[in-house]
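Reading through the structure tokens given below for one structure.
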Amino acid sequence: MSRIQDIKRLVNGGGLFALGTVGGTLYIPSISAERNIIEAVQNKMNTPTLISRFANRFNISINVGSMTKVEFISNNQLDYIFTDPPFGANIMYSELNSLWESWQKVFTNNRSEAIVNSTHGKGLLEYQRLMEACFKEYYRVLKPGRWMTVEFSNSQSTVWNAIQEAIQRAGFVIANVSVLDKKQGSFKAVTTTTAVKQDLVISAYKPKQEHIDKMKREQNTEESAWTFVKQHLEQLPVFIGEKGKAELIVERTPRALFDRMVAYHVQNGLPVPLSSAEFQEGVAQRFPMRDGMVFLESQVAEYDKKRILAKEFTQLSLFVSDENSAIEWLRQQLLKKPQTRQELHPDFMKEIQHIAKHEKLPELDELLEQNFLKYEGDGPVPSQIHSYLSSNYKDLRGLDKDDPRLKEKAKNRWYVPDPNKQADLEKLREKALLREFAAYKQQIESSKKKLKQFRTEAIRAGFKKAWAEKDYETIVKVGERLPEKVLQEDDKLLMYYDNAHTVLGL
Numbered sequence: 001m002s003r004i005q006d007i008k009r010l011v012n013g014g015g016l017f018a019l020g021t022v023g024g025t026l027y028i029p030s031i032s033a034e035r036n037i038i039e040a041v042q043n044k045m046n047t048p049t050l051i052s053r054f055a056n057r058f059n060i061s062i063n064v065g066s067m068t069k070v071e072f073i074s075n076n077q078l079d080y081i082f083t084d085p086p087f088g089a090n091i092m093y094s095e096l097n098s099l100w101e102s103w104q105k106v107f108t109n110n111r112s113e114a115i116v117n118s119t120h121g122k123g124l125l126e127y128q129r130l131m132e133a134c135f136k137e138y139y140r141v142l143k144p145g146r147w148m149t150v151e152f153s154n155s156q157s158t159v160w161n162a163i164q165e166a167i168q169r170a171g172f173v174i175a176n177v178s179v180l181d182k183k184q185g186s187f188k189a190v191t192t193t194t195a196v197k198q199d200l201v202i203s204a205y206k207p208k209q210e211h212i213d214k215m216k217r218e219q220n221t222e223e224s225a226w227t228f229v230k231q232h233l234e235q236l237p238v239f240i241g242e243k244g245k246a247e248l249i250v251e252r253t254p255r256a257l258f259d260r261m262v263a264y265h266v267q268n269g270l271p272v273p274l275s276s277a278e279f280q281e282g283v284a285q286r287f288p289m290r291d292g293m294v295f296l297e298s299q300v301a302e303y304d305k306k307r308i309l310a311k312e313f314t315q316l317s318l319f320v321s322d323e324n325s326a327i328e329w330l331r332q333q334l335l336k337k338p339q340t341r342q343e344l345h346p347d348f349m350k351e352i353q354h355i356a357k358h359e360k361l362p363e364l365d366e367l368l369e370q371n372f373l374k375y376e377g378d379g380p381v382p383s384q385i386h387s388y389l390s391s392n393y394k395d396l397r398g399l400d401k402d403d404p405r406l407k408e409k410a411k412n413r414w415y416v417p418d419p420n421k422q423a424d425l426e427k428l429r430e431k432a433l434l435r436e437f438a439a440y441k442q443q444i445e446s447s448k449k450k451l452k453q454f455r456t457e458a459i460r461a462g463f464k465k466a467w468a469e470k471d472y473e474t475i476v477k478v479g480e481r482l483p484e485k486v487l488q489e490d491d492k493l494l495m496y497y498d499n500a501h502t503v504l505g506l
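Letter 109 of the sequence shown, counting from 1, is numbered 109 in full-length UniProt numbering, and no numbers are missing.
This is the structure:
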């Protein structure tokens, strides 16, 4: 039996072998060492005894079986779940057992094995359905209001979206996605260029039953949206930061809250009660906001207390790949510094070099006009620009907002509007997106070809409107004309498309 050996212990430890293999992989190692097979078998035989002692001491139950049906755990029993599920086609678990199973004459029933495997007739859709069945069992046995952590390691965005879709279809609400730093990389992460260096961790919770019942009673009214937002804000961290730095909590931003609200309503067959513009306006009226984030009244004092100790406010770095991420990049730039179009343009052109081929990205001028405001010298200088100029230019400090010198310096600068004005912009933008979606529908009706280049935000807006109007046929018809890769890699489009299929019984 050939195994990889620990060189440090071999050299520094006087020739003692510390042997270990890469689990779930058949391969020829670069460095090998002989191991006593009798000793290896004895160690394996001792393992169940050690596990049994540990389990009896701490009241642990160990079970081997399919997670699609867990009969030994009753409803609402578990306080917390951590799961590290199969990731698409990463590892063929049952096939790796074939060597010793052929000796034992006992074979694994792999019909419900949640993997992507063409030999088994399992593609991405079958994998997602099996994962959904597992997550539904997790949902059943977890107590309301409690959490599940899902560790994820796969370089394919299609598998990532399938996992997220399965989690949400099971009833969970995703509250955070973060990076798990294991400090030490796996053998594959260290030796291959395509392996994932760090795992992602999805944190999701099971909503309390009283909130679920309340949202069902309130369906077809905007109150179901605000009930969701309130209970979701309760679950999110109030402050993240260390060493004098405060971090943006993305899940608390109005756009992220709107996306989560829409996802929950769609996945649970409820009508989406608010448009993006109505949601933006309602958030500003109902909740206190700090640093572009939304809080409950009971949370804002805690945030203010910790925020005052932080000297810096850091935002996440963005990789611009589509219209949505381009808007967020512009938002970050303008929050830091209100700028003119000429100042923004060079950096913007650098950032959009990696836009997806199918993405029809609007020009910078159109993105600015649809999402931000420009001060043209009329009236007092907006507080967003006044605050920046008075902080960064000594000669402009202490000047009134109507001072001609301040107005001249502020002229033609774009800035992030306050939430009320943002709602007005959202209405105009949504109209433009729906006009574009209508053009795509006409294109589909006059041709049998797939759409090659399109504005993804327009497709999302059109799908949302069609879902609200129960026009599921339009979602399916347009979805079938999108490139399959685009549909599988966009979690929002996939959500509408899958659920429309389910409603229509396709």
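Where a beta carbon is used, it is the ideal one built from N, C-alpha and C, also for glycine.
{"Item": "Taking Cβ positions, are P144 and A468 nearer each other than 9 Å?", "Value": "no"}
{"Item": "On the three-state DSSP scale, how would you describe F187?", "Value": "Low local confidence applies: a pLDDT of 45 at F187 is under 50, so the model's placement there is unreliable, and no value is given."}
{"Item": "Assuming P338 contacts Y388 (C-beta within less than 8 Å), just tell me the rounded distance between them.", "Value": "6 Å"}
{"Item": "Assign K122 to one of two classes, buried (16 or more other C-beta atoms within 10 Å of its C-beta) or exposed (fewer than that).", "Value": "buried"}
{"Item": "Given this structure, state the Cα-to-Cα distance separating G479 from G505, to the nearest angstrom.", "Value": "16 Å"}
{"Item": "Determine the direct distance from the alpha carbon of R460 to that of F454, and round the result to whole angstroms.", "Value": "11 Å"}
{"Item": "Just mark V64 as buried or exposed, buried being the case when its beta carbon has 16 or more other beta carbons within 10 Å.", "Value": "exposed"}
{"Item": "So the alpha helix (DSSP H) L142 belongs to, where does it begin and stop?", "Value": "Counting along the chain, L142 falls outside any alpha helix (DSSP H), though it belongs to the beta strand (DSSP E) covering L142 to F152."}
{"Item": "What did DSSP end up calling Q235 once you bin it into helix, strand or coil?", "Value": "helix"}
{"Item": "Between which two residues does the beta strand (DSSP E) holding K492 run?", "Value": "Premise fails: K492 lies in the alpha helix (DSSP H), D491 to L504, not in any beta strand (DSSP E)."}
{"Item": "Counting pairs of Cβ atoms below 8 Å between the segment 438-457 and the segment 305-312, do you hit three or more?", "Value": "no"}
{"Item": "Which class does Y415 belong to by DSSP, given the choice of helix, strand or coil?", "Value": "strand"}
{"Item": "Can you name the residues that DSSP bridges to A204?", "Value": "M148 and I174"}
{"Item": "Using C-beta distances below 8 Å, list every residue in its chain close to L124, excluding the 5 sequence neighbours before and after it, in chain order.", "Value": "G88, V116, T158, V159, A162 and Q488"}
{"Item": "Spatial neighbours of A466 within its chain, please: C-beta separation below 6 Å, excluding the five flanking residues on both sides.", "Value": "T474 and I475"}
{"Item": "Which residues bound the beta strand (DSSP E) around I249?", "Value": "Taken as a continuous stretch (DSSP letters only), I249 belongs to no beta strand (DSSP E), as it is neither H nor E."}
{"Item": "For the 8 Å Cβ check, are there 3 or more pairs between the segment 77-87 and the segment 123-138?", "Value": "yes"}
{"Item": "Report the residue from P207, P237, G244 and A458 whose alpha carbon sits nearest the alpha carbon of T227.", "Value": "P207"}
{"Item": "I need the boundaries of the beta strand (DSSP E) containing T314, first residue and last residue.", "Value": "E312 to T314"}
{"Item": "Is it true that the segment 215-223 meets the segment 242-256, where meeting means three or more beta-carbon pairs spaced less than 8 Å apart?", "Value": "no"}
{"Item": "Using a Cβ-Cβ cut-off of 6 Å (strictly less than) and excluding sequence neighbours within five positions of residue 514, which residues of its own chain qualify?", "Value": "Summary: the structure shown does not reach residue 514, with the chain confined to residues 1 through 506, and so no result is reported for it."}
{"Item": "Distance, Cα to Cα, K431 vs L451?", "Value": "21 Å"}
{"Item": "For T83, does the three-state DSSP call read helix, strand or coil?", "Value": "strand"}
{"Item": "Using a Cβ-Cβ cutoff of less than 7 Å, which residues in the same chain neighbour R397 once the five nearest sequence positions on both sides are dropped?", "Value": "S390"}
{"Item": "Which of the three DSSP states is assigned to N117 in this structure?", "Value": "strand"}
{"Item": "Are there any heavy atoms of the ligand GTP lying less than 8 Å away from the beta-carbon of L506, as far as the coordinates show?", "Value": "For the structure depicted, the ligand GTP is absent and the ligand set is empty, with no information on it obtainable."}
{"Item": "Residues bridged to K374 by DSSP?", "Value": "W414"}
{"Item": "Taking three-plus beta-carbon pairs below 8 Å as touching, is the segment 344-352 in contact with the segment 294-302?", "Value": "no"}
{"Item": "Buried or exposed, going by whether 16 or more other CB atoms sit within 10 Å of the CB of S118?", "Value": "exposed"}
{"Item": "Three or more beta-carbon pairs under 8 Å between the segment 403-411 and the segment 361-368, yes or no?", "Value": "no"}
{"Item": "Can you list, in chain order, the residues of its chain with a C-beta nearer than 6 Å to that of T191? Leave out the 5 residues immediately preceding and following it.", "Value": "Low local confidence applies: a pLDDT of 44 at T191 is under 50, so the model's placement there is unreliable, with the coordinate-based value given in what follows. If we look at T191 and ignore the five residues flanking it on each side, it has no Cβ neighbours."}
{"Item": "Report all residues from its chain with a CB closer than 6 Å to the CB of A500; omit the five preceding and five following residues, and keep chain order.", "Value": "Y472, I475 and V476"}
{"Item": "If you follow the alpha helix (DSSP H) that F279 is part of, which residue opens it and which one closes it?", "Value": "S276 to R286"}
{"Item": "With a threshold of 16 other CB atoms inside 10 Å of the CB of S112, please say whether the residue is buried or exposed.", "Value": "exposed"}
{"Item": "Assuming the contact rule is C-beta atoms closer than 8 Å, L330 and N371 should be a hit. Round their C-beta distance to whole Å, please.", "Value": "7 Å"}
{"Item": "Following the continuous alpha helix (DSSP H) through S298, name the residue where it begins and the one where it ends.", "Value": "E297 to R307"}
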